[in-house]
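Chains as they are written, first to last, in the numbering used here: chain U, 6 to 108; chain G, 20 to 287.
For reference, the structure discussed in these notes is given below.
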């Protein structure tokens with residue numbers, strides 16, 4: 006079961022800045038453990054962000070993104086109280102959705 | 020739709036280039052800019068949350084939580100407690116830092132046998148709870164001033180032992196903490212080395228640990244940091260939460276009195 010994300014979003018002058026901190030190992034599949042066995046790849050490969058029910062960003066990720074990824078971006082529109090919903094899916098098919106309100 | 024997607028990507032790329040350009044102009048300023056960029060969205064916050072849950076979770080043979088743990092300000096008082104540690108505790112008749120105190124609480128409140136936790140490596144699951152707890156407790160002192168008492172004779176003794184340890188040369192390299200941290204204005208590779216005997220230098224270290232290390236993707240507690248300092252000096256590694264580690268903490272904390280806690284920190 007994946008751990009929750011931390012989402013913050015603030016709207017100013019018609020622009021909403023969304024900041025998302027995700028909780029994920031992001032294992033590349035290139036590393037070996039102490040016994041020499043390859044640690045299987047395990048990473049987020051899709052991120053979707055919605056603002057007030059409208060999709061504002063989708064991203065396809067790979068193993069080069071760091072552990073516990075932090076994603077920040079600005080979009081036009083959005084106002085205080087709007088809901089931000091972020092969903093990620095990883096290469097094992099695990100999913101996590103969290104939401105927050107724009108301040 | 021697509022235009023918005025592009026804009027978000029471009030903004031992110033621009034931020035990366037801005038940091039890069041500064042690094043060429045001035046290395047130190049560049050590192051500072053990098054650190055500042057990291058401040059926002061510190062993954063240590065994730066450990067703060069899990070630490071807060073562990074704090075409230077019932078565990079051990081006594082099926083109790085740590086919520087009644089006395090970190091020096093009274094049972095269950097977490098706010099501001101970390102800024103006043105290490106300190107003397109009457110019940111144990113010892114000067115304790117956060118992690119040794121948490122072990123005491125686990126033993127007394129939860130009935131947990133802490134010997135295996137002390138022995139376990141820092142990356143082991145046994146230590147993970149303590150690391151998360153130290154992220155949580157330290158976060159509750161963020162923005163507060165370091166106020167470590169050296170009034171009690173045992174506190175003074177611990178501080179003095181810490182100072183002696185700081186200058187004590189040993190190991191196959193004949194190293195001391197002071198070899199790297201005993202002069203102003205030193206650096207190793209691109210890292211500035213704080214001069215720990217000064218108030219400013221001590222604060223640079225003390226007020227920013229525990230911290231999330233971006234290079235390893237690990238949350239490090241103060242004990243972990245100190246243990247690794249000894250390892251790097253080729254000292255025998257100190258026992259977890261032993262007096263040696265608390266003494267070094269007392270020395271650093273005592274020197275940084277009055278500085279503002281920035282915990283949990285973030286490091287390269």
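Glycine included, every Cβ here is placed at the ideal spot set by N, Cα and C.
Range of the contiguous alpha helix (DSSP H) that encloses residue i
i	result
residue 81 of chain G	It is not in any alpha helix (DSSP H) - residue 81 of chain G carries neither H nor E in the DSSP assignment.
residue 10 of chain G	Shown here, chain G extends from 20 to 287; a query on residue 10 of chain G therefore has no answer.
residue 158 of chain G	144 to 158
residue 65 of chain G	63 to 75
Chain G within 7 Å of residue i, Cβ atoms only
i	result
residue 17 of chain U	no
residue 110 of chain U	Residue 110 of chain U lies beyond the range of chain U shown here (6 to 108); nothing can be said about it.
residue 28 of chain U	yes
residue 48 of chain U	no
residue 22 of chain U	no
residue 11 of chain U	yes
Of the residues the options, the one placed nearest residue i, counting alpha carbons only
i	options	result
residue 90 of chain U	U:37, U:27, U:105	U:105
residue 62 of chain G	U:92, U:19, U:73	U:73
residue 125 of chain G	G:105, G:141, G:152	G:152
residue 83 of chain U	U:9, U:62, U:49, U:19	U:19
residue 150 of chain G	G:223, G:207, G:244, G:173	G:244
residue 71 of chain U	U:34, U:21, U:12, U:15	U:34
residue 277 of chain G	G:268, G:167, G:214, G:210	G:167
residue 282 of chain G	G:132, G:261, G:70, G:155	G:155
residue 191 of chain G	G:157, G:255, G:77	G:255
residue 178 of chain G	G:226, G:280, G:219, G:275	G:275
residue 196 of chain G	G:208, G:204, G:213, G:209	G:213
residue 118 of chain G	G:262, G:218, G:48, G:98	G:262
residue 39 of chain U	G:115, G:247, G:142, G:65	G:142
residue 279 of chain G	G:157, G:66, G:207, G:97	G:157
residue 76 of chain U	G:77, G:75, G:57	G:57
residue 234 of chain G	G:223, G:242, G:286	G:286
residue 55 of chain U	U:42, U:68, U:25, U:45	U:25
residue 8 of chain U	G:55, G:67, G:45, G:217	G:67
residue 162 of chain G	G:241, G:103, G:128	G:103
residue 67 of chain U	U:30, U:10, U:107	U:30
residue 201 of chain G	G:184, G:209, G:208	G:184
residue 91 of chain G	G:81, G:72, G:114, G:271	G:114
residue 221 of chain G	G:139, G:130, G:203, G:188	G:203
residue 69 of chain U	U:88, U:86, U:48	U:48
Unbroken beta strand (DSSP E) run spanning residue i, endpoints
i	result
residue 118 of chain U	Outside the modelled stretch of chain U, which goes from 6 to 108, sits residue 118 of chain U, for which no answer is possible.
residue 126 of chain G	Looking at the DSSP string, residue 126 of chain G is not in any beta strand (DSSP E); the run it does join, the alpha helix (DSSP H), is 117 to 129.
residue 76 of chain U	75 to 81
residue 227 of chain G	First-last for residue 227 of chain G: undefined, no H or E at that position.
residue 238 of chain G	237 to 239
residue 262 of chain G	Per DSSP, residue 262 of chain G belongs to no beta strand (DSSP E); it is in the alpha helix (DSSP H), 262 to 274.
Proximity test, Cβ basis, 7 Å: residue i and chain U
i	result
residue 216 of chain G	no
residue 62 of chain G	yes
residue 236 of chain G	yes
Taking any Cβ of chain U, which residues in the stretch 65 to 81 of chain G have a Cβ under 8 Å from it, in chain order? If the cut-off is 8 Å between Cβ atoms, the stretch 65 to 81 of chain G has 65, 68, 69 near chain U.
Which runs of the beta strand (DSSP E) spanning at least 3 residues fall entirely within the stretch 9 to 69 of chain U, listed in chain order? Complete beta strand (DSSP E) runs here, min 3: 11 to 17, 20 to 26, 49 to 56, 59 to 65.
To test your reading of the DSSP string, which unbroken beta strand (DSSP E) runs of 3 or more residues are found completely within the stretch 196 to 226 of chain G? If we require 3 residues or more, the beta strand (DSSP E) runs fully inside the stretch 196 to 226 of chain G come out as 205 to 207, 210 to 212.
To be precise: take each residue of the stretch 129 to 140 of chain G, compare its Cβ to all Cβ atoms of chain U, and keep it if any distance is under 7 Å. Which residues remain? Listed by position, the residues of the stretch 129 to 140 of chain G near chain U (Cβ gap below 7 Å) amount to none.
The stretch 47 to 60 of chain G: which residues have C-beta closer than 8 Å to a C-beta of chain U, in chain order? Listed by position, the residues of the stretch 47 to 60 of chain G near chain U (Cβ gap below 8 Å) are 59, 60.
Please identify, using Cβ separations under 8 Å, the residues of the stretch 77 to 103 of chain U that lie next to chain G, in order along the chain. Those residues of the stretch 77 to 103 of chain U that come within reach of chain G (Cβ to Cβ, closer than 8 Å) are 77, 78, 79, 80, 81.
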